[in-house]
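**Student:** In the numbering used here, the protein residues as written are 235 to 1105.
#1: Please classify residue 393 as buried or exposed, where buried requires at least 16 neighbouring CB atoms within 10 angstroms.
#2: Classify residue 251: buried if its beta carbon has 16 or more other beta carbons within 10 angstroms, exposed otherwise.
#3: Can you round the beta-carbon distance between residue 618 and residue 338 to whole angstroms, since I take them to be within the 8 Å contact cut?
#4: Going along the chain, which residues of its own chain have a beta-carbon closer than 7 Å to the beta-carbon of residue 767, five neighbours each way excluded?
#5: Give me, in chain order, the residues of the same chain whose beta-carbon lies closer than 6 Å to that of residue 311; leave out the 5 immediate sequence neighbours on both sides.
#6: Which whole-angstrom value is the C-beta distance of residue 455 and residue 473, which I expect to be below 8 Å?
#7: Please list, in chain order, all residues of the same chain as residue 975 whose beta carbon is under 6 Å from its beta carbon, the five residues on each side excluded.
#8: Counting pairs of Cβ atoms below 8 Å between the region 747 to 758 and the region 684 to 696, do you hit three or more?
#9: Indicate whether residue 275 and residue 283 have their beta-carbon atoms separated by less than 8 Å.
#10: First and last residue of the beta strand (DSSP E) that includes residue 798?
#11: Using the Cβ count rule (16 or more neighbours within 10 Å means buried), how would you classify residue 1107?
#12: Does DSSP put residue 822 in a helix, a strand or coil?
#13: Is the number of C-beta pairs between the region 1053 to 1063 and the region 760 to 776 that are closer than 8 Å three or more?
#14: Near residue 731, what residues of its chain come up, given a Cβ to Cβ distance below 6 Å and the 5 sequence neighbours on each side ignored?
#15: Note down the Cα distance separating residue 708 from residue 1010, rounded to an integer number of angstroms.
#16: Under 8 Å, do residue 710 and residue 666 count as touching if we go by C-beta distance?
#17: By DSSP, does residue 477 sit in helix, in strand, or in coil?
#18: Could you tell me the alpha carbon to alpha carbon distance between residue 512 and residue 589, rounded to whole angstroms?
#19: Please list the terminal residues of the continuous alpha helix (DSSP H) segment that includes residue 827.
#20: Rounded C-beta distance between residue 435 and residue 349? I'm assuming under 8 Å.
#21: Under 7 Å Cβ to Cβ from residue 1042, same chain only, skipping five residues before and after it: list those, please.
#22: Below 8 Å on the Cβ atoms is my guess for residue 502 versus residue 526; work out the distance and round it to an integer in Å.
#23: Between the C-alpha atoms of residue 415 and residue 323, what's the straight-line distance to the nearest angstrom?
#24: Please classify residue 592: is it buried, with 16 or more other beta-carbons within 10 angstroms of its beta-carbon, or exposed?
#25: Ignore the nearest five residues each way along the sequence and tell me which others in residue 919's own chain have a CB closer than 6 Å to its CB.
#26: Could you pull the start and end residues of the beta strand (DSSP E) that residue 991 belongs to?
#27: Is residue 1041 near the ligand ATP, with its Cβ less than 7 Å from a heavy atom?
#28: Mark residue 1127 as exposed unless 16 or more other C-beta atoms lie within 10 angstroms of its C-beta, in which case mark it buried.
#29: Just how far apart, CA to CA, sit residue 499 and residue 507?
#30: Going by alpha carbons, who is nearest to residue 823 out of 950, 1032, 726?
#31: Please work out which residues of its chain come closer than 6 Å, Cβ to Cβ, to residue 733, disregarding the five sequence neighbours upstream and downstream, and give them in chain order.
#32: Am I right that residue 379 and residue 427 are in contact with their C-beta atoms under 8 Å? What's the rounded C-beta distance?
#33: Could you check what DSSP says for residue 792 in three-state terms: helix, strand or coil?
#34: Between the C-alpha atoms of residue 399 and residue 453, what's the straight-line distance to the nearest angstrom?
#35: Assuming contact is defined by CB atoms lying nearer than 8 Å, are residue 581 and residue 520 in contact in what I supplied?
#36: What are the complete beta strand (DSSP E) segments, minimum 3 residues, inside the region 398 to 478?
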């Protein structure tokens, strides 16, 4: 590990410049360096995230200047050296190739020894060759792997930048998998070995790699000595538009391109090797870190040229495959598309331009640069626990890319839809035996159209609705329709993943261990199973009898099936509340985790004084709380007795989605006027008994209402009003910051990650008539938030009982953070209905969130509107 330069207490920050002053401030820091910081991801343009570490001696000065410019920063790691220390370098036992591990990083000496041992052990498959020497005289090795007489060649380049250790680890993993393919039984890779001769250069920059391990962990360049301790960025030193974009002539700069093209032995050696192997060269891969991107040449261009479309098409298929492995989200595009900058002199562009065959020839060459994990939470300090997952998903990606076929729909999608309408089987059974839960990711408009109309032609129920390109759609389909559906999905090239083969079995697990509440034994409510409505109501009544001075229960109205909608008031005796908090749950019937969390919050706040948690006690004594655990009790009970996936209320005339029935922007977006639709909004706002009862109740408590929180599932999103618009209004920025603090707090116990933003930025669509929007707009409530609870889709509405209590515990932590008092209570000023020109609006891309990072689901590079698979 590093013995010289240490980064003790250097802090890793992230920020997004949203104003010209922000960008100028950051760029000035980079140029003048009056504050000691090191950019990991440099500031290039507005709305592109930036990461950097700050010297502890300058930390206060930096924060003061950032605050002066009103630049919001996020602390990612308090002490970057501790993260570097965790990147343990493990020794390799010589001549024992199986002891080489991808659980740790390795020294250059051990990597080279392992490569030599692999060549010794597998002499008929592996050939290890020195292709030249570095500035400091170290060998640069290429290892070739081939079987029989393959027709084409692949070159894989890694370790060009000294501090990008993960790329080197992937190189060795790739060699191992290629060599031992018969052992691993990876038949897809086996076919690729028969077709291609593989050349892997694990470490183009051995001097820089060694220097990053022994002297300076963040060393990027080679070790060229020009009168002092300087080096050259090898990925700016190739003879392609040399020195024009994204480079520096300052020898001290990380992006110093050198005095002329190929001034460095390492870049010259690599270029000569590529030239030697250019015949039948089909793929060229360059691996770097970090950013989770697949980059297509050319790095200096804004426009897409050559075979960009085909290259992108294959890359998208690779991204989908990678996402299916670990749920890690990559984006794709040119350097300008993905990073917002242009660079010259990089190896990938040089290879593409210099050695690409002409367009009339049948065998186009494909050149890709991969920026591996992660998106900035660790950056170059990627922990060892992420090495193997990174390697596995990356290998799956390049295999998919190399075997992909161009997906193109030759027939209008509506031809299929019309045809399908004649074959649709209608199923009235509410047992979901052998119903399959699929995830589809639309990557073109034809896919999206097909998925949008699935429920019109098949017996399909959406769990996660179709919205925009690259946003995953979850749905279950009747087994009677499955064969026909798959046939047409395959014809259209729709990308599908089977999430759950039989959803009924998952639903059975939700109820297999169900418990009943035992009256007057409050410990029998333990949040290890999902309880029926009457059990929860009995428990609440027992609470009220036991703690009559602190809890009050009353009905705020009746449902169509004559059930009470109960409100629960919690006000600790002797407390002098500053304001009111209303927490709503269970508005959508099938979202069982929502009322479970609400009831847990009631219990914890009621017993806060005896909990030993001073922060929880303080919050409990600060507010008057009102809880509505079941806004839709009829629907909730119906999911237990009749249809587990029921969403709406039980109005016998026409059942309504209650969360589309409130008056704000009613009926304008994300709704349906069809009475059979799950999103039917009703004939008019507040047409339903439940929504009208809620509206009357909220109005009665609105004079001192400071917080309104609504619980839903699933997706792990924090959704900030307003859902009917793509713009940001009022105090969006303030709630965003509060939500980030909340998300951080939630993640501490179980590492559950939430994405934050508007409805459009998180779930991917706009919707109207929501309770939270109505509350904020009507009563100017400062802090309104909707939480989509666990999980991200592995179980969805079939969340197992084992996850109830963890969800409750982490959510309580988050709620306590969110409710931390913030100065005097101020109702929002101004009436948005009197602002027809949206003068109070802020553009949607003021914040870029973890869900808006490709998400494969949502990536700015794909759809040009959202940021970081995304975050």
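The C-beta atom is built at its ideal place from N, Cα and C for all residues, glycine as well.
**Tutor:** The relevant details are as follows:
#1: Residue mapping note: residue 393 aligns to position 159 of the chain shown, counting from 1. Result: buried.
#2: To locate residue 251, count along the chain shown from 1; it is residue 17. The residue is buried, with at least 16 neighbouring Cβ atoms inside 10 Å.
#3: Counting from one through the chain shown, the residue named residue 618 turns up at place 384. Counting from one through the chain shown, the residue named residue 338 turns up at place 104. So it is a contact: roughly 5 Å between Cβ atoms.
#4: On the chain shown, position 533 is the one that residue 767 refers to. If we look at residue 767 and ignore the five residues flanking it on each side, its Cβ neighbours are 864, 867, 870, 871.
#5: By 1-based counting over the chain shown, the position of residue 311 is 77. These residues qualify, in order along the chain: 246, 317.
#6: Working through the chain shown from its first residue, we reach residue 455 at position 221. Working through the chain shown from its first residue, we reach residue 473 at position 239. Here residue 455 is actually not in contact with residue 473; their C-beta atoms are around 18 Å apart, not less than 8 Å.
#7: Indexing the chain shown from 1 puts residue 975 at position 741. Correct list, in chain order: 1051.
#8: Using a Cβ-Cβ distance cut-off of 8 Å, the region 747 to 758 and the region 684 to 696 are not in contact, since fewer than three pairs of beta carbons, one from each stretch, lie closer than that value.
#9: Locating residue 275 in the chain shown gives position 41, where the first residue counts as 1. Locating residue 283 in the chain shown gives position 49, where the first residue counts as 1. Going by C-beta atoms, residue 275 is nearer than 8 Å to residue 283.
#10: On the chain shown, residue 798 is found 564 positions in, with the first residue counted as 1. Per DSSP, residue 798 belongs to the beta strand (DSSP E) from 798 to 804.
#11: With the chain covering 235 to 1105 only, the question about residue 1107 has no answer from this structure.
#12: Taking the first residue of the chain shown as 1, we reach residue 822 at position 588. DSSP places residue 822 in the coil class of the three-state scheme, outside both helix and strand.
#13: Touching, no.
#14: Against the chain shown, residue 731 aligns to sequence position 497. Within the same chain, residue 731 has close Cβ partners 558, 673.
#15: Position 474 of the chain shown, counted from the start, is the residue given in the question as residue 708. Position 776 of the chain shown, counted from the start, is the residue given in the question as residue 1010. When only Cα atoms are considered, residue 708 and residue 1010 end up about 30 Å apart.
#16: The residue given as residue 710 occupies position 476 in the chain shown. The residue given as residue 666 occupies position 432 in the chain shown. Taking the C-beta atoms as reference points, residue 666 is found nearer than 8 Å to residue 710.
#17: The residue given as residue 477 occupies position 243 in the chain shown. For residue 477, the secondary structure class from DSSP, reduced to helix, strand or coil, is coil.
#18: Indexing the chain shown from 1 puts residue 512 at position 278. Indexing the chain shown from 1 puts residue 589 at position 355. Going from the Cα of residue 512 to the Cα of residue 589 covers about 7 Å.
#19: Here residue 827 corresponds to residue number 593 of the chain shown, with the count starting at 1. Here the alpha helix (DSSP H) through residue 827 covers 827 to 840.
#20: For the purposes of this step, residue 435 is taken as residue 201 along the chain shown, with counting starting at 1. For the purposes of this step, residue 349 is taken as residue 115 along the chain shown, with counting starting at 1. Contact flag wrong, Cβ pair sits at about 11 Å.
#21: On the chain shown, position 808 is the one that residue 1042 refers to. Counting only Cβ-Cβ distances below 7 Å, and skipping sequence neighbours, we find 761, 830, 831, 834.
#22: Residue numbering aside, residue 502 sits at position 268 when the chain shown is read from its first letter. Residue numbering aside, residue 526 sits at position 292 when the chain shown is read from its first letter. Residue 502 to residue 526, Cβ: 31 Å. No contact.
#23: In the chain shown, residue 415 corresponds to position 181, counting from 1. In the chain shown, residue 323 corresponds to position 89, counting from 1. For residue 415 and residue 323, the distance between alpha carbons rounds to 26 Å.
#24: In the chain shown, the residue the question calls residue 592 occupies position 358. Model confidence at residue 592 stands at a pLDDT of 35, short of 50, so the residue's coordinates are unreliable; what they give is reported in the following sentence. By the Cβ-count criterion, residue 592 is exposed, with fewer than 16 other Cβ atoms from all chains shown falling within 10 Å of its own Cβ.
#25: On the chain shown, residue 919 is found 685 positions in, with the first residue counted as 1. Excluding sequence positions up to five before and after residue 919, its CB lies within less than 6 Å of the CB of 897, 900, all in the same chain and listed in chain order.
#26: As a working note, residue 991 is residue 757 in the chain shown. For residue 991, the enclosing beta strand (DSSP E) covers residues 989 to 991.
#27: For the ligand ATP, the structure offers nothing, since it holds no ligand at all.
#28: Only positions 235 to 1105 of the chain appear in this structure, which leaves residue 1127 out of reach.
#29: For the purposes of this step, residue 499 is taken as the residue at position 265 of the chain shown. For the purposes of this step, residue 507 is taken as the residue at position 273 of the chain shown. In a straight line, the C-alpha of residue 499 is about 12 Å away from that of residue 507.
#30: Residue mapping note: residue 823 aligns to position 589 of the chain shown, counting from 1. Ranking the options by Cα distance to residue 823, first place goes to 1032.
#31: Counted from its first residue, the chain shown places residue 733 at position 499. Within the same chain, 671, 673 come within 6 Å of residue 733 by CB-CB distance, once the 5 residues on both sides are set aside.
#32: Here residue 379 refers to the residue found at position 145 when the chain shown is read from its first residue. Here residue 427 refers to the residue found at position 193 when the chain shown is read from its first residue. Contact between residue 379 and residue 427 holds: CB atoms are separated by about 7 Å, below the 8 Å threshold.
#33: Taking the chain shown and counting its residues from 1, the one referred to as residue 792 is at position 558. The answer is strand: DSSP assigns residue 792 an E or B state.
#34: Reading the chain shown from its first residue, position 165 is the one you call residue 399. Reading the chain shown from its first residue, position 219 is the one you call residue 453. Answer to the nearest angstrom: the Cα atoms are 11 Å apart.
#35: Your numbering for residue 581 matches position 347 in the chain shown. Your numbering for residue 520 matches position 286 in the chain shown. Yes, the pair counts as a contact, with Cβ atoms nearer than the cut-off.
#36: List check, beta strand (DSSP E) in window: 430 to 435.
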